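Start counting the sequence shown at 1; every next residue gets the next number (full-length UniProt numbering).
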Amino acid sequence: MNILENLQLVVVGKFSYGAPDIYELRSSIPNLCGIIGGVRLDIFLINILMRFDRMEDYIKILSKTSYYIIAKDGFAYQMSPFIYDVNFKASEETTKATTWISFPDLSLTFFVKEVLFSLASVVGKPL
């Protein structure tokens with residue numbers, strides 16, 4: 001479904017206790033998170049929707065559990081990144097978590113995207 005809607009590289013930035021102005025977020029998030037490619041930020045209910053141009057930036061922002069954004073008003077706002085899916089509900093706490101899986105001593109023969117995704121699917125939906 002995400003591919004049909006062109007939402008495969010989309011992350012929801014969830015704010016627990018308020019958020020800075022969207023214009024301030026558009027200038028601070030790329031610098032704070034080290035985004036190299038393009039990112040489009042939009043308001044998504046009480047959260048933000050970040051659409052990335054590059055897979056590397058998508059993975060980079062999901063690699064941390066939270067970011068603290070210092071706004072012009074002096075407050076630090078906590079933002080937690082989550083993978084967007086159609087079942088995401090802004091009013092509920094998420095029950096999903098991003099995990100990294102390693103396969104030590106895996107033969108080079110198995111370093112093919114299809115095989116790695118098949119192995120990782122035992123734990124959940126691979127990126």
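Here a beta-carbon is modelled for each residue, glycine too, at the ideal position from N, C-alpha and C.
Note that the structure is predicted; figures quoted are calculated from it, not measured.
Open item on the list: In the DSSP assignment, the alpha helix (DSSP H) including residue 17 goes from what residue to what residue?
Closed with: As a first step, residue 17 must be located in the sequence shown, where it is residue number 17. Where residue 17 is concerned, there is no enclosing alpha helix (DSSP H), given that its DSSP letter is neither H nor E.
Task: DSSP state of residue 84 mapped onto helix, strand, coil - done: In the sequence shown, counting from the first residue as 1, residue 84 sits at position 84. Reduced to three states, the DSSP call for residue 84 is coil.
Open item on the list: With three or more C-beta pairs closer than 8 Å as the rule, is the stretch 36-52 touching the stretch 8-25?
Closed with: yes
Open item on the list: Could you check whether the stretch 68-76 touches the stretch 52-59, counting it as contact only if at least three pairs of C-beta atoms, one from each stretch, sit closer than 8 Å?
Closed with: no
Task: Under the three-state DSSP convention, the category residue 9 falls into - done: The sequence position of residue 9 within the sequence shown is 9, counting from 1. If DSSP states are grouped into helix, strand and coil, residue 9 belongs with coil.
Task: CB-CB length for residue 7 against residue 84, believed under 8 Å - done: By 1-based counting over the sequence shown, the position of residue 7 is 7. By 1-based counting over the sequence shown, the position of residue 84 is 84. The pair is a contact, with the Cβ atoms about 6 Å apart (cut-off 8 Å).
- [ ] Kindly indicate which residue of 102, 52 and 100 has the alpha-carbon position closest to the one of residue 34.
- [x] Against the sequence shown, residue 34 aligns to sequence position 34. The residue with the shortest Cα to Cα distance from residue 34 is 52.
Task: Straight-line gap, residue 119 to residue 63 (C-alpha atoms, nearest Å) - done: Residue 119 sits at position 119 when you count from the first residue of the sequence shown. Residue 63 sits at position 63 when you count from the first residue of the sequence shown. Cα to Cα, the separation comes out at about 20 Å.
Open item on the list: Checking the sheet assignment: what are the DSSP bridge partners for residue 101?
Closed with: Taking the sequence shown and counting its residues from 1, one reaches residue 101 at position 101. None, per the DSSP bridge assignment.
Open item on the list: What does the alpha-carbon distance come out to for the pair residue 102 and residue 87?
Closed with: As a working mapping, residue 102 is identified with position 102 in the sequence shown. As a working mapping, residue 87 is identified with position 87 in the sequence shown. About 28 Å.
Open item on the list: On the criterion of 16 or more Cβ atoms from any shown chain inside 10 Å, does residue 81 qualify as buried, or is it exposed?
Closed with: Your numbering for residue 81 matches position 81 in the sequence shown. It is buried - the Cβ of residue 81 has at least 16 other Cβ atoms within 10 Å.
Open item on the list: Considering only the alpha carbon of each residue, which of 55, 37, 9 and 69 lies closest to residue 22?
Closed with: Looking up residue 22 in the sequence shown gives position 22. The candidate whose alpha carbon is nearest that of residue 22 is 69.
TODO: Using the Cα positions of residue 25 and residue 124, report the straight-line distance between them to the nearest angstrom.
DONE: Sequence index remark: in the sequence shown, residue 25 carries index 25 (1-based). Sequence index remark: in the sequence shown, residue 124 carries index 124 (1-based). Roughly 31 Å between the two C-alpha positions.
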